[in-house]
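Inspection log for the structure reproduced underneath, given as structure tokens.
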Amino acid sequence: MKKFILPIILIALLVGISPAFNDSNMHSHIKADKGILNLSNYDFEKRGNVKIEGQLELYVNKLLKPEQVQYEKADKYLILPDKLTTQLNGKNTGYMTVHLKIFLPEGVVYGLRIGSFLSASKIWVNGVLQGQVGQVGKSYEKEKSIYLPSYIYFTAQNGAADIVIQASNYRILYPVLKPFDLGLKDRIMNRFIVNAGGDLIIIGVLFIVELLFLCLYTRLKNNKFFLYFSILCLLTQLRCLILNERIIVHIFPNMPFELLSKTAAITYYLYIPIYILLLRKLFPDFPKKLVDISLCFSIVFTTICLITNNTFYDRLSFFGEAILIFIVIGILLFFIKKVRKKEGIISFVAFITLIATAANDILINNGMIYGRYGFQVGMLIFAFLETYVIVMQYSDEIVNAEKLKIENRIIYEKSIRDDLTDLYKRNYIEEILDKVIKKYINEGEIFSIMMFDVDYFKLINDNYGHLQGDKVLSDISKIIIECIGDTGYAGRYGGEEFIVILPNTKQKMAVEIGEKIRSSINDFKWQDDIKVTISGGLYENKSNTNMECIKIVDDLLYEAKNSGRNKIVV
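Set out below in structure tokens:
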């Protein structure tokens, strides 16, 4: 059954979260031509949203308002999607105005999503300012950058939507221009809800896993695997907040772009060594060289990130990616060796998932593909797979521990019980006596003690043999156990001597139990019609020491033997 649990839950997980990360669902890719996009005959209800690509009018080094655009001639056309540097002759900084006219059916409320347009932007639709991200400026000092998707809702006027965007870029080193999303208002709003909801679900699931592993770490501090895993969950939660829909910016609208950029970079630089340390804990034979390289990589790049601005450390990103590739190859080779030995297969699948989603993010970051950052999805699957491994491992360990506990209990019981009678051995029954005497001294709890001796036991051995004598002792022990039940403890004190301790039992009740034992043995149908009786002494304790208590009850036993036997003397 175990082998079916993992794939079933994993498939259910992927099916459940896939809508939040499928960026191409119900989209038509339509290109604008020379700043014009004709969608007057497009059925948004049936065909879904439009990915706006193609040519937009571009006014370089000009910040024009809508009323000014109509009097200006476009310098060139801005192509979506593409890198900004390829369209500005290698430049990646500057300010500009972009214009696009879209012909649309009237009587419908539309929504427009612009993922991020450079490092600051202002957006007008039909002459009305609809959105502003940061503060557009003509220099690094005058620009205020905020990295946030824009959601704009409008209606067509005279069958058209005239879109003007002022934008500047002085902080993003490798700016990528992505397609715009146009559709019915409800669908564009749903896009935000699904996207943000998907990230929040991951944050919530990882938070639960994080708490679970932190609790385990507080109980098992020697196993740092749980601590490392919790840190990975925390780093992924941060990435969920600062990427895609930039949830953190919705909560803190004035969050500086520099802080957002540094957080994204540092979570990336810290994630690698923590993951390596986790693997080292999971696999003791993991190469130490990879651990050292990853730690050096993290310390150097995190320090650079902290003390410099984003334009500086972004230039080093390619060096970081090259080192990362080297580390990934090392991990991959290690896992290949493990898989060949049929070890760590699930951890290998988790690693491949992380690498696939990390590669997706690197390609998006470098403008090679256009879509959603997906590393958090890989981390969710990674967390699920590794949690499954740990749960299965610890469930097996718990079962084994329970088995060992039972086995140890059996061994312990054998060590404190007499082999022949299965009663407690003398040393253990004396420990019990010490405890009840301490309780008597400290709490005043009374107890009674009895000592029995088999009458003329030597004659039984001489006349019927030692095997028969052993059988008599074994049967007597069974009778004693049956008579005292759960009220006390019985032990074999010597060869044919037995001792019974009755906690919280007064003399009257003890006499009844003692007489029951004596009469049961006297009336028992013994093999070969052997006559077996016992003599005993009974004492309701008033002593403060083990030795004194034993001496008194022993004297009472010998009084019974000297006064005719087959009796209990109190």
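By this note's numbering, the letter at position 196 of the sequence shown is numbered 197, and the numbering carries on one by one without gaps.
Backbone N, C-alpha and C define an ideal beta-carbon position, used for all residues, glycine too.
Values in this document were obtained by computation on a predicted structure and should not be read as measured data.
(request) Would you mind listing the beta strand (DSSP E) stretches within the stretch 487 to 520 that are 3+ residues and don't spill past its ends, in chain order? (result) Every unbroken stretch of the beta strand (DSSP E) spanning 3 or more residues and falling wholly within the stretch 487 to 520 is given here in chain order: 490 to 493, 498 to 504.
(request) Might you give, ordered along the chain, the residues of its own chain that have their beta carbon closer than 6 Å to the beta carbon of leucine 261, omitting 5 neighbours on each side? (result) Tyr148, Ile243.
(message) The beta strand (DSSP E) that contains valine 61, what's its start and end?
(response) 50 to 61 is the extent of the beta strand (DSSP E) around valine 61.
(message) If contact is defined by three or more beta carbon pairs under 8 Å, each pair taking one atom from either stretch, is the stretch 300 to 314 in contact with the stretch 264 to 276?
(response) Touching, yes.
(request) Tell me, please, which residues DSSP counts as bridged to lysine 84. (result) Under DSSP, lysine 84 shares a beta bridge with Val177.
(request) Whole angstroms is fine: what's the gap from glycine 565's alpha carbon to valine 571's? (result) Looking at the two C-alpha atoms, the distance is approximately 15 Å.
(message) Which residue marks the beginning of the alpha helix (DSSP H) containing tyrosine 171, and which one marks its end?
(response) Here tyrosine 171 belongs to no alpha helix (DSSP H), and DSSP marks it neither H nor E.
(message) Going by DSSP, what residue range makes up the alpha helix (DSSP H) through alanine 197?
(response) Note, alanine 197: alpha helix (DSSP H), 186 to 220.
(message) For leucine 185 and valine 109, which I take to be in contact (beta-carbon distance under 8 Å), what is that distance rounded to the nearest angstrom?
(response) Correct: roughly 7 Å between the Cβ atoms.
(message) For glutamate 431 and alanine 402, I'd like the C-alpha separation in whole angstroms.
(response) Inter-residue distance for glutamate 431 and alanine 402 is about 31 Å (C-alpha atoms, whole angstroms).
(request) Examine the Cβ distances between the stretch 48 to 59 and the stretch 200 to 211 and report whether three or more of them are shorter than 8 Å. (result) Segments in contact, no.
(message) Looking at the secondary structure, which residues open and close the beta strand (DSSP E) in which alanine 121 lies?
(response) Note, alanine 121: beta strand (DSSP E), 121 to 126.
(message) In the DSSP assignment, the beta strand (DSSP E) including isoleucine 531 goes from what residue to what residue?
(response) It is not in any beta strand (DSSP E) - isoleucine 531 carries neither H nor E in the DSSP assignment.
(request) Measure from the alpha carbon of serine 117 to the alpha carbon of each residue in Ile209, His30, Asn245, then state which is nearest. (result) That would be Asn245, whose Cα lies nearest to the Cα of serine 117.
(message) Can you look up isoleucine 305 in the DSSP assignment and give me helix, strand or coil?
(response) Reduced to three states, the DSSP call for isoleucine 305 is helix.
(request) Compare the Cα-Cα distances from phenylalanine 287 to each of Phe45, Phe335, His251 and report the closest residue. (result) Closest in C-alpha terms to phenylalanine 287, from the list Phe45, Phe335, His251, comes Phe335.
(message) Does aspartate 435 pass the burial test, meaning 16 or more other C-beta atoms within 10 Å, or should it be called exposed?
(response) Around the beta-carbon of aspartate 435, fewer than 16 other beta-carbon atoms lie within 10 Å, marking it exposed.
(request) Drop a sphere of 10 angstroms on the beta-carbon of valine 554, count the other beta-carbons inside from all chains shown, and report buried for 16 or more, exposed for fewer. (result) Burial of valine 554 is indicated by the presence of at least 16 other C-beta atoms within 10 angstroms of its C-beta.
(message) Tell me the DSSP secondary structure of threonine 1 in three-state form.
(response) The structure shown does not extend to residue 1, since the chain is modelled only from 2 to 571, so the question has no answer here.
(request) Going by DSSP, name the residue or residues bridged to leucine 38. (result) DSSP lists Ile103 as partners of leucine 38.
(request) In the DSSP assignment, find the beta strand (DSSP E) that holds lysine 32 and state where it starts and stops. (result) It spans 28 to 33 - the beta strand (DSSP E) in which lysine 32 sits, taken as one unbroken run.
(request) Can you say whether valine 129 is buried or exposed, counting buried as having 16 or more other CB atoms within 10 angstroms of its CB? (result) So valine 129 ends up on the exposed side.
(request) Please name the residue, chosen from Ser475, Arg172, Ser140, that lies closest to threonine 309 on a Cα-to-Cα basis. (result) That would be Arg172, whose Cα lies nearest to the Cα of threonine 309.
(request) With DSSP as the reference, label alanine 157 as helix, strand or coil. (result) Secondary structure at alanine 157: coil, using DSSP grouped into helix, strand and coil.
(message) Taking the beta carbon of serine 478 as the centre, do at least 16 other beta carbons fall within 10 Å, making it buried, or is it exposed?
(response) So serine 478 ends up on the buried side.
(message) Once DSSP output is grouped into helix, strand and coil, what is the label at phenylalanine 226?
(response) Per DSSP, reduced to three states, the secondary structure at phenylalanine 226 is helical.
(request) Assign aspartate 163 to one of three DSSP states: helix, strand, or coil. (result) Here aspartate 163 sits in strand by DSSP.
(message) Just to confirm my understanding: we take isoleucine 232, look at its own chain, exclude 5 residues before and 5 after, and list those with CB closer than 7 Å. What are they?
(response) So the qualifying residues of the chain are Ile275.
(message) Rounded to whole angstroms, what is the Cα-Cα separation between valine 329 and phenylalanine 352?
(response) Each residue's Cα considered, the two are about 9 Å apart.
(message) Can you tell me whether alanine 491 is buried or exposed? The criterion is at least 16 other CB atoms within 10 Å of its CB, across all chains shown.
(response) Within 10 angstroms of the beta-carbon of alanine 491 lie 16 or more other beta-carbons, which makes it buried.
(request) Count the other C-beta atoms from every protein chain shown that fall within 10 angstroms of the C-beta of methionine 452, then say buried if there are 16 or more, exposed otherwise. (result) Looking at its Cβ environment, which holds 16 or more other Cβ atoms inside 10 Å, methionine 452 is buried.
(request) Please work out which residues of its chain come closer than 8 Å, Cβ to Cβ, to isoleucine 305, disregarding the five sequence neighbours upstream and downstream, and give them in chain order. (result) Apart from the 5 residues on each side of it in sequence, isoleucine 305 sits with its Cβ closer than 8 Å to the Cβ of Phe313, Tyr314, Leu317 in its chain, given in chain order.
(request) Using alpha carbons as the reference points, say which of Ala266, Gln56, Pro504, Phe155 lies closest to phenylalanine 319. (result) Minimum Cα-Cα distance from phenylalanine 319 among the listed residues Ala266, Gln56, Pro504, Phe155 corresponds to Ala266.
(request) Could you check if phenylalanine 327 is buried or exposed, using at least 16 other CB atoms within 10 Å of its CB as the buried criterion? (result) By the Cβ neighbour-count rule, phenylalanine 327 is exposed, with fewer than 16 other Cβ atoms within 10 Å of its own.
(request) Determine the direct distance from the alpha carbon of asparagine 505 to that of aspartate 420, and round the result to whole angstroms. (result) If you take the alpha carbons of aspartate 420 and asparagine 505, they lie about 29 Å apart.
(message) Considering only the alpha carbon of each residue, which of Leu213, Arg114, Leu283 lies closest to methionine 190?
(response) The shortest C-alpha separation from methionine 190 is found at Arg114.
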